[in-house]
Amino acid sequence: MTTSVTDDAATSLLRFATAGSVDDGKSTLVGRLLHDSKSVLTDQLEALAHASRDRGTGAPDLALLTDGLRAEREQGITIDVAYRYFATPRRRFILADTPGHVQYTRNMVTGASTAQTAVVLVDARNGVVEQTRRHLAVAALLRVPYVLLAVNKMDLVGYAEAVFAAIAAEFTAYARGLGVCEVTAVPVSALAGDNVVTPSAHMDWYGGPTVLEYLETVPVVTDPAAEPARFPVQYTIRPQTTTHPDYRGYAGRITSGVLRVGDVVTVLPSGHTSTITAIDTLGHSADIAWAPQSITLHLADDLDVSRGDLITPAASAPQITQDVEATVCHLADQPLLPGARVLLKHITRTVRALVKDIPSRLTLEDLSQHPNPGRLNANDIGRVTLRTAEPLALDPYATSRHTGSFLLIDPTDGTTLAGGVMDTR
Numbered sequence: 060m061t062t063s064v065t066d067d068a069a070t071s072l073l074r075f076a077t078a079g080s081v082d083d084g085k086s087t088l089v090g091r092l093l094h095d096s097k098s099v100l101t102d103q104l105e106a107l108a109h110a111s112r113d114r115g116t117g118a119p120d121l122a123l124l125t126d127g128l129r130a131e132r133e134q135g136i137t138i139d140v141a142y143r144y145f146a147t148p149r150r151r152f153i154l155a156d157t158p159g160h161v162q163y164t165r166n167m168v169t170g171a172s173t174a175q176t177a178v179v180l181v182d183a184r185n186g187v188v189e190q191t192r193r194h195l196a197v198a199a200l201l202r203v204p205y206v207l208l209a210v211n212k213m214d215l216v217g218y219a220e221a222v223f224a225a226i227a228a229e230f231t232a233y234a235r236g237l238g239v240c241e242v243t244a245v246p247v248s249a250l251a252g253d254n255v256v257t258p259s260a261h262m263d264w265y266g267g268p269t270v271l272e273y274l275e276t277v278p279v280v281t282d283p284a285a286e287p288a289r290f291p292v293q294y295t296i297r298p299q300t301t302t303h304p305d306y307r308g309y310a311g312r313i314t315s316g317v318l319r320v321g322d323v324v325t326v327l328p329s330g331h332t333s334t335i336t337a338i339d340t341l342g343h344s345a346d347i348a349w350a351p352q353s354i355t356l357h358l359a360d361d362l363d364v365s366r367g368d369l370i371t372p373a374a375s376a377p378q379i380t381q382d383v384e385a386t387v388c389h390l391a392d393q394p395l396l397p398g399a400r401v402l403l404k405h406i407t408r409t410v411r412a413l414v415k416d417i418p419s420r421l422t423l424e425d426l427s428q429h430p431n432p433g434r435l436n437a438n439d440i441g442r443v444t445l446r447t448a449e450p451l452a453l454d455p456y457a458t459s460r461h462t463g464s465f466l467l468i469d470p471t472d473g474t475t476l477a478g479g480v481m482d483t484r
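Going by our numbering, the first residue of the sequence shown is number 60, and it counts up by one from there.
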């Protein structure tokens, strides 16, 4: 069966994350977005009204639509990443409502790691604060291509245009210093519903999009062929039955790019080459497959291929290295120190590694690099150099968000220590 690349799914789906400092109103904004776009079911509205009465609030507390943990509702904060799925006639959405507290920055990293857009909230009364800068730095580190600044609680500053303009200017300047050029600013009141789904009647000086209009129209990359093909092997299938005595297939999920029958490919890190002879997808044969499809590849040669190997077109294969220079966001409570022995998880491959050096740490106030900090503490962003026990096929993160990222793991208890991205080489 012959298939062709289509972009229907890509053009209709947007992944976005909300972020910002504690009490800036992220959960209320998301609740308002869901409520006013009519993405909340009747039973959910009834449960919301009941929970709001239990808390003694007169009107429904829209933040409760996303604050699902008991501790979140008791404290009125977001702790875990709350994923929500909704749709409008123009687009489908997967949103990640991430925490605002400093100690839960690791969860913001999780939510933004797959986001195509970040919605960063700022309280109009407080302006840009340290946690705002930290979340924007994480979005820049993860190369989220578009950022929406939602200046919230405009009703509490009299819907003043000057307040909005000053915050937007400061935020945009900081974003540009981090390398984020696509910033759109919207003045909103999540509590009152101004400029979330419907335009505000209180800010006639603003002529830009509402939050929902922005999310419905922000560009989404639709061409799988725009990135080099990468196929991490998850499992080698060899049933060795009487029905399939010689079957050998390599199962996994294409993380980027397009693969075709007849492509000359390289298996990394071994460097062996072969040709794709068949592609199985959902029980059918295909001549072509593209990200993010899960498939089984067949090669012309019986190679030693196992979980953790990477199959890629020979002409665009990444470099093989044991020396890694990267930027990491440290997530664990215990500090990361030079000399630490860790596990490095890269897609489906996990290897032992040594932290050789920590050359610098990012200073959030002025974006300067503090040299030789000696350690990275929780929520610090810094550069590290690593030496791995086995070679890895790593792309620069600017080339691929999938094969250019990794996790550092504590080998003693499996705790995630840091999330890292390969520096551009």
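The beta-carbon is built from N, C-alpha and C at its ideal position, and this holds for glycine as well.
Please read these numbers as outputs of a predicted model, since none were measured by experiment.
Item                                                                                                                  : Value
Own chain, CB closer than 6 Å to V247, minus 5 neighbours either side, in chain order                                 : A209, N211, D253, N254 and V255
Three or more C-beta pairs below 8 Å linking the segment 398-406 and the segment 168-186                              : no
Cβ-based burial, K97 [other Cβ within 10 Å; buried from 16]                                                           : exposed
Exposure label - D382; buried when at least 16 CB within 10 Å                                                         : exposed
Nearest candidate by alpha-carbon position, reference L453, set E275, A385, A359 and T243                             : A385
Inter-stretch contact (C-beta, 8 Å, three-pair minimum) for the segment 419-437 and the segment 362-371               : no
Test item: CB-CB of A284 and I313 under 8 Å                                                                           : no
Residues near D439 in its chain [Cβ-Cβ closer than 6 Å; skip 5 each side]                                             : H389 and R420
Residues that M481 bridges to, as DSSP identifies them                                                                : A385
8 Å Cβ cutoff, V179 in contact with chain C                                                                           : Given the protein chain composition of this structure (a single chain), no chain C is represented.
Bridge-paired residues (DSSP) for I338                                                                                : A345 and L356
Endpoints, the alpha helix (DSSP H) within which G236 is located                                                      : E220 to G236
Helix, strand or coil at A449 according to DSSP, with G and I counted as helix                                        : Sequence check: residue 449 is Glu here, not Ala. Correct three-state label for E449: strand.
Cβ distance (whole Å) where L215 is taken to contact V178 below 8 Å                                                   : Contact flag wrong, Cβ pair sits at about 20 Å.
Own chain partners of D469 with C-beta closer than 6 Å, once the 5 adjacent residues on each side are dropped         : L476
P287 vs T371 beta-carbon contact at 8 Å                                                                               : yes
Residues of its chain near P418, where Cβ-Cβ distance is below 6 Å and the 5 sequence neighbours each way are ignored : R442
Whether R91 touches A260 by CB criterion (8 Å)                                                                        : no
Anticipated Cβ contact below 8 Å, Y309 with T295, distance rounded                                                    : 6 Å
Alpha-carbon to alpha-carbon, S464 and G478                                                                           : 8 Å
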